[in-house]
Every structure is written in C-alpha cells, then in structure tokens.
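There are 2 protein chains.
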Amino acid sequence: MRRMTARPGNAHQARLLKLLRDGGPNSRAQLGDQVDLSRSKLAVEVDRLLETGLVVADGLAASRGGRRSHNIRLNPELRFLGVDIGATSVDVAVTNAELETLGHINHPMDVREGPVAVFEQVLAMAAKLRASGLAEGFDGAGIGVPGPVRFPEGIPVAPPIMPGWDGFPVREALSQELGCPVMVDNDVNLMAMGEQHAGVARTVADFLCVKIGTGIGCGIVVGGEVYRGTTGSAGDIGHIQAVPDGRPCACGNRGCLEAHFSGAALARDALEAAQQGLSAELASRLETNGDLTAVDVAAAAAAGDATALELIREGGNRTGQVIAGLVSFFNPGLVVIGGGVTGLGHTLLAAIRTQVYRQSLPLATGNLPIVLGELGPAAGVIGAARLISDHLFSPA
Amino acid sequence: MRRMTARPGNAHQARLLKLLRDGGPNSRAQLGDQVDLSRSKLAVEVDRLLETGLVVADGLAASRGGRRSHNIRLNPELRFLGVDIGATSVDVAVTNAELETLGHINHPMDVREGPVAVFEQVLAMAAKLRASGLAEGFDGAGIGVPGPVRFPEGIPVAPPIMPGWDGFPVREALSQELGCPVMVDNDVNLMAMGEQHAGVARTVADFLCVKIGTGIGCGIVVGGEVYRGTTGSAGDIGHIQAVPDGRPCACGNRGCLEAHFSGAALARDALEAAQQGLSAELASRLETNGDLTAVDVAAAAAAGDATALELIREGGNRTGQVIAGLVSFFNPGLVVIGGGVTGLGHTLLAAIRTQVYRQSLPLATGNLPIVLGELGPAAGVIGAARLISDHLFSPA
DNA sequence: CTACTTTTTCCACTCACAGGACAAAGACGG
DNA sequence: CCGTCTTTGTCCTGTGAGTGGAAAAAGTAG
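As they're listed, the protein sequences go chains A and B. Using the working numbering, you'd call the opening residue of the first sequence number 1 and step up by one each time. Using the working numbering, you'd call the opening residue of the second sequence number 1001 and step up by one each time.
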C-alpha cells in the first residue's frame, strides 16, 4: 500500500484519532459521548478522517437497544516502528495504529559502536520485520536512545555512555532512511510513556519512572506530559551522590548512584564477590559463563544465595535513598521501577520501598504506590510508538 | 467605591487583562500587536472590558508617527491583598491590579499560635493598610502559609510546623472575613511566583526557587506554572537526607537538610559556638541580645568572624549538595535562592554554587545561573497578589 | 497646505457549530 | 407479522464569532 501521509486537519480530528488509538474501534455515537461536539459536527469531522484514509469503516457495532451503528477504526494497515536503543542491545517492534505490538525483536549490540553501525543494525531489523509480512512500510517511527536528547531536533547532546553520538542528527538521518516521520527521545522517557499508555501508569497524571539498566535514569511525567528539562537532561539521576566519598564514577565524581548500583556496578560487585570466594553460587556461574552480569545475580538471588541477595538489598537501599529525596521533592502519585534489573524483583522493590517509606514524609508517601513496570522490555518500544503517534495525531 | 466583581467573559478578555497587568497601560494598537486577533474583534472585547469596569481609559498614548491612540489600563482603584504568613512573622501588602506594591507591613508572630490568632493579626494589618488610605476594600487576596496546602480548597494539610492548622478552611474563612475571593498556597510557591512576576525569573519557564528560612522549601515551576504535586507537598526538600546518620530532626529521621541548615539550625549552632567560646563576635552578641538568630550570624560573618563564616559555608555545602541532586533530576533553567537567610549573601551563594557545579553534570549546569532572589521579603506578598490576580483574570 | 502614517470604526462576508427535524434501522411486545 | 419505541445517522437552517477591506479620524513631516 501507499504509506499514509495525512495528518489531522484540526484539534477535533486529532482528539478523535487519539480516542480511536486508545479505545480501539468505536461507533460515531460512542465517540460522540466522549467529545463535546454536536452530532452534525462530529459526522463532518469523521467523514473528513475517512476521506484521508487514516480511518476506515469497520462493520456494525453491538446494539445499544436501537438502530445499530457502524463502527469506525484507525486504518489497520498503518504501521509504526518502535526502536529502543539500549546500552547493550537494541529492541525493534512493529505496531499498528492502535499501538498493539505485532512483532518485536531484540538484538545485542553495543551502543558505543556508534550511530552508523547501530542504524545499520536497526534498519536490518526493521527490514526483517517487514519481510516477515508484518508491514509493507512504516508510517512513522519513534527512537529511544540512552542519553539526553535535544528533543525538537532529535539530536543527542553530550551523552556520557554514547561517545560518537554527540550532535549526530538521528531524527533526520533515520527519517531519510526509513522514508517516514521520526521522533527521538531519551529511552527512559519512552519507557515512562509506554507504562503510561499500556502499563501501570494509565490513570496517573504525575509520576516517576525509574529505569535501572546499564545506567540509571528517571522519566518524569507532569500533568500527563513528559518533562524533559531545559536542556533535555531532566531525569538524569544516575550521577546524584548516593554515598559521600563513595566509589569513583566515570563522570569524575565519587559516590554517584550509578557507581554503586546499576547493571554495570552489580556485575562488577558480583565478580568481586565471586573472586573473593564469598559466594559459591556466583563463583560457579562465573566458571560456566566466563563472566557475570546482573542476570546471574538475579538467578543467584532466586536460588537463595545470601551474597547476591545482600548485593541487591544494598543497591536497593541506595536507590531507595535517592528516590526518597525525589519523592519529597516531586510528590508523585506513583513510582514505577523498570529496566534490565527488573529481574531482581521483589527483593529490590522491598529495599527501595523500605527506604522511601522511612525517609519521606507521610503526606508524600501516604498513598504512594511503588511498583515494578508491567511491560518489561516492551515498555520502550511501545513508548516509542506512542511518541510518534502523538506527533502524527496532532494538527500539522 | 463598590468592589469589582466582574470576571473576564472569555479567554480573549483574560489574555488582555493579563497583558495589561504585566505590561501596564497600553493602546489598543499595542495590544493588537501582542494578541492574534483582528482589530475589530479586539475592539469588541476591549469595549466589553470597559463596560465591566475592570479596565478604564487612560489618556493619549505616545505617538508612533501617525494618529495618536488612546491608552487603556486596568482600573487603578482595584486592590489586591497579599499575605505571607511565615513561621515567625506575617507580611501583608496592598497592590493595585498591576501588582505594584502600594503598602507593605510586617509583624512578628508565631504561626504556632494557631489560625484564629494569626488571622486576627492579619485582619488588623489589613485594616491598618485600609485606614492609611491605600485601599477602601479588596477585590481579592492571596494567602501564603508555611506548609503544604490542598490547593483547590485552600486548606493546609498535615503542616509539620503549624500544629492547629491541619484542615482549617483558610480560604473559606478569610473569604468570609475579607468579603472577597481568596486563594491559598504554600509560601514557597508564592515566592516563586513573585520572582517570576517581578524578579529574577521573569524570562524562565522551568526553574527552582529554594527558600531558606525557619525551614527549607523549594518552589517548582514547570512551563511557567507552579507544580504542586499530587498532594500539594511538592518541593518539601527540608527533610531530604543530607547527612547519613546526621542530626536528629523533628520529623523523626536523622540527617535531614533542615536539621543541619535552616534559620533554626543556624541559630542553634551559633548558640553552641558562642557558649563554647569559639567566637568572640557571637558571644558578645549573645550577651547583648540574650539570644542568637540567623541575623546575628549574618552580622558576625559580615564582620569577618571566622566561626560564623564557617557555619554558613558548611550549611551552604549541605544545601548545595541537595540542590545538586535536584538540578540533575529537574534540569532547571535557573535556581533562585531566597528566604530569611538571604542576608548571608554571597558566602552562602558561593558555597552552594561550588557544590552544584562540582556535582552535577555539565549538560545540566552549563548554562545554569544560581542567583539570590531579587525581591527579598516582598517576593511572597507579590506572589500572593499574583496568585489571586491569575485566578480573577481567568474566565469564570 | 499636502502627502503620508497610524489608529479606529464600520460593514459585509465567511465559517464553524449547534440543534431541531426527519429518515433509517433495528429492538420488542403483542 | 405489525405497530411502537429507541437509537443512530443525515440534512438543513439559524446564530454568533471572527476576518479583512474600506473609509474616516487624527495625527506627523516637509
């Protein structure tokens, strides 16, 4: 098919598109219940949307007691590409316009290989998804990168863990290659959008989404909108001091949260423990794999290894301490914990909760859920699809 | 005069009122340059505003080369009352509709005496201002209280330093007494609004406003709007842990920022130092006054007293450390330092700056001014007037 | 006094939208 | 099977907001 290029012509159409995206097929009458428009006006706007091809008829709706109505839905042939570039792997997914994941693949890849190599990989993965019949082309793509982004231009700025990406015109380059509109954002922000769209944060206006992976970041949502800060580096909590005069960090300071707890720090601590003979479990895993990662620590903890549990608990305490500060400051309605270390599960969560509930004031914590993300590795790509759909479903 | 009760009838009128508030008298043509409306539409809306009495004619404008235009301005008889209830004193000011302070008085008062006693004082001060001819009555009042507020209802919730205020219907009670609309907010938020309206933050959309007085709080402005959090306690940074296992705090924890640096903590430390004979300067002041406050420390520091300087420097370091974390998290475009301890001046500022610039990443600090508030004790009352004017100049 | 600007008013025209009337299509009871 | 009721979809007209051009009003500059 020819790719869609139409955009909503006004705010009403944008509203309707978003309702159809979030609510699935709907009759005109049901839409009318949700927007404050006269039936005539609604009919006009729906007709225009049908003309653009963004929306198509979709059979009869269930009867509500009288004349049955015809459903309409977003064009089922629309396809969005969601790309989540992590520090050590790339996730790519295809969704329809309702942001349902149709296919999702993951490939290990070091982001430090630079934008050219990474994009080659991303394009190959996109081609693979296309070849498997899930899409003939893409109507838009959202890209998440593990570092701060100058959002309007879609360009990474001074990303600490992505040497070689600074100033690279990601948005422009990928838009060219994919032949469709592209939006770029920090991967943590996308995770927050993902959990907001389809995960635990569906009903919350103000929340924090802490992602603990190779590094540590935090998505900030204010009034339902992602807050990115003055230079796009908001939520960069990995380098908040967690331990006075603590471990040296790559950033040049000491005691950064990231230096004490993150995928990388955890692997290092586990290796140390294994080598010092503190944990038979970890040592045997080291023997087998030749290396240790956060996954090994999670497995060891699941097997009841005391050292692994202690590592997780201590890391959780550190993280919880920082989050407690953020909770006092930001007073969110929800805190979501996600990222690669979600596998550490409830040991981690319990440690974080303990710190936050102990250190922050009751008014801020009284009704504050602290939960694990619901979507796991899909949060990023769903958030990416959501990002581009928000863009495309806004008036031009 | 009869008090104004009119409100703008639509968003255009609201926009015009705010332009006149912030820009002073303006001709229709000048207003036309700032709003995106046709001349005819503009004329209609201005006429309606003139009819309501909110706006009046104000002579001829300066020539711009052609026909001279007639200025219009907000009714100069409109009066707002700004009230800033601090922990240890009350500020009350009268402004006109352009938020220019016409009179400002301050009275020491302990907020712990409870809402009834405090309001008696506030009403007496308002009466005094009225009696001095500055106002015949008030068209609206903004109230700042030193604790979290459930904003829509204007009711303090669980305020730690204001026993007896929890759940007291401040908005309703004062509205009754003053006979005009009232809005209530946290005093720190009002300080932020004040600096935004008439101080250092005029051009910044996202900034933090740290107020160090008896306690420590932080106003958060996102996209030009004050962010209050889910339960109204956002910005409550006084109980963020600044020193692991540090001093015990009234909140039950240890090492809270407020326990280590605030007006109260500074007075306590100064007293200790004086009694231990570490500072002749402080000891002599203790002799004279029978007590020591932050003001004495400021004076001693200004006189070059090493102990006082050290106290300030250490407090600034602690505060700077916490602010550094907030800067990493929030990535503001500006940090304003204000409150009672502003008298500590550049010694304090230098200590804070050092910590922030050292601990936060360059991307966040690169272009980040950290400055003292410009308005001093007037910030709160101006912010209060701004709060109620924002409310009254919005469509009903 | 003349030519040119700027401001203000006036007016006709467009357009979005509401809301009623009516037709279409089904549910349901008899 | 038929008539009545309910819901849905379409048509149409009235209304009010708003635009933009023309012209009048009131200046400035030379």
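Each residue gets a CB set at the ideal place from its N, CA and C atoms; glycine is no exception. For clarity, every value in this text was computed on a predicted model and none was experimentally measured.
Simplified DSSP assignment, three categories, for residue i
i: residue 362(A); result: helix
i: residue 1176(B); result: helix
i: residue 1276(B); result: coil
i: residue 1310(B); result: helix
i: residue 1081(B); result: strand
i: residue 382(A); result: helix
i: residue 111(A); result: helix
i: residue 193(A); result: helix
i: residue 9(A); result: coil
i: residue 354(A); result: helix
i: residue 141(A); result: strand
i: residue 1349(B); result: helix
i: residue 1337(B); result: strand
i: residue 1264(B); result: helix
i: residue 305(A); result: coil
i: residue 15(A); result: helix
i: residue 1171(B); result: helix
i: residue 1003(B); result: coil
i: residue 1317(B); result: helix
i: residue 46(A); result: helix
i: residue 103(A); result: strand
i: residue 327(A); result: helix
i: residue 228(A); result: coil
i: residue 150(A); result: strand
i: residue 1406(B); result: Residue 1406(B) lies beyond the residue range present for chain B, which begins at 1001 and ends at 1396; the question has no answer from this structure.
Cross-chain neighbours of residue i in chain B, by beta carbon under 8 Å
i: residue 260(A); result: Near residue 260(A) there are no residues of chain B at all, since even the closest Cβ is about 13 Å away, more than 8 Å.
i: residue 253(A); result: 1358, 1359
Limits of the alpha helix (DSSP H) - the one that residue i falls within
i: residue 1260(B); result: 1257-1260
i: residue 115(A); result: 115-131
i: residue 1296(B); result: 1294-1302
Continuous beta strand (DSSP E) stretch holding residue i: start and end
i: residue 237(A); result: No beta strand (DSSP E) contains residue 237(A), which DSSP labels as neither H nor E.
i: residue 1073(B); result: 1070-1074
i: residue 1092(B); result: 1089-1095
i: residue 1164(B); result: Here residue 1164(B) belongs to no beta strand (DSSP E), and DSSP marks it neither H nor E.
i: residue 371(A); result: 370-372
i: residue 1243(B); result: No beta strand (DSSP E) holds residue 1243(B); DSSP gives it neither H nor E.
i: residue 1399(B); result: In the structure displayed, chain B extends from 1001 to 1396; residue 1399(B) sits before or after that span and is not available.
i: residue 183(A); result: 182-186
Cβ-Cβ distance between residue i and residue j below 8 Å
i: residue 1148(B); j: residue 1157(B); result: yes
i: residue 372(A); j: residue 323(A); result: no
i: residue 1375(B); j: residue 1172(B); result: no
i: residue 269(A); j: residue 311(A); result: yes
i: residue 273(A); j: residue 256(A); result: no
i: residue 1208(B); j: residue 1332(B); result: yes
i: residue 1300(B); j: residue 1282(B); result: yes
i: residue 155(A); j: residue 215(A); result: no
i: residue 74(A); j: residue 113(A); result: no
i: residue 188(A); j: residue 219(A); result: yes
i: residue 1190(B); j: residue 1224(B); result: no
i: residue 92(A); j: residue 105(A); result: yes
i: residue 28(A); j: residue 43(A); result: yes
i: residue 389(A); j: residue 32(A); result: no
Neighbouring residues, chain A, relative to residue i (Cβ below 7 Å)
i: residue 1227(B); result: 222
i: residue 1239(B); result: 328, 361
i: residue 1148(B); result: 363
Residue i: contacting residues in chain B (beta-carbon distance under 9 Å)
i: residue 332(A); result: 1229, 1230, 1234
i: residue 400(A); result: Residue 400(A) falls outside the range modelled here, since chain A spans only 1 to 396, and no answer is possible.
i: residue 158(A); result: 1361, 1362, 1363, 1366
i: residue 206(A); result: 1227, 1229, 1230, 1234
Chain-ordered chain A contacts of residue i [CB-CB under 8 Å]
i: residue 1121(B); result: Ordered by position in chain A, no residue passes the 8 Å Cβ test against residue 1121(B), which lies about 27 Å from the chain.
i: residue 1218(B); result: 329
Proximity test, residue i beta-carbon vs the ligand SAM heavy atom, cut-off 7 Å
i: residue 1129(B); result: With respect to the ligand SAM, the structure shown offers nothing to examine, as it has no ligands at all.
Residues that residue i contacts on chain B, provided the C-beta gap is smaller than 7 Å
i: residue 213(A); result: Simply none; closest approach about 18 Å.
(message) Could you tell me which whole beta strand (DSSP E) segments of length 3 or greater appear in the region 197-226 of chain A?
(response) Those beta strand (DSSP E) runs which fall completely within the region 197-226 of chain A and span 3+ residues are 207-212, 216-222.
(message) Going residue by residue through the region 1017-1043 of chain B, where are the continuous alpha helix (DSSP H) segments of at least 4 residues, counting only ones entirely within it?
(response) Qualifying alpha helix (DSSP H) stretches, in chain order: 1028-1034.
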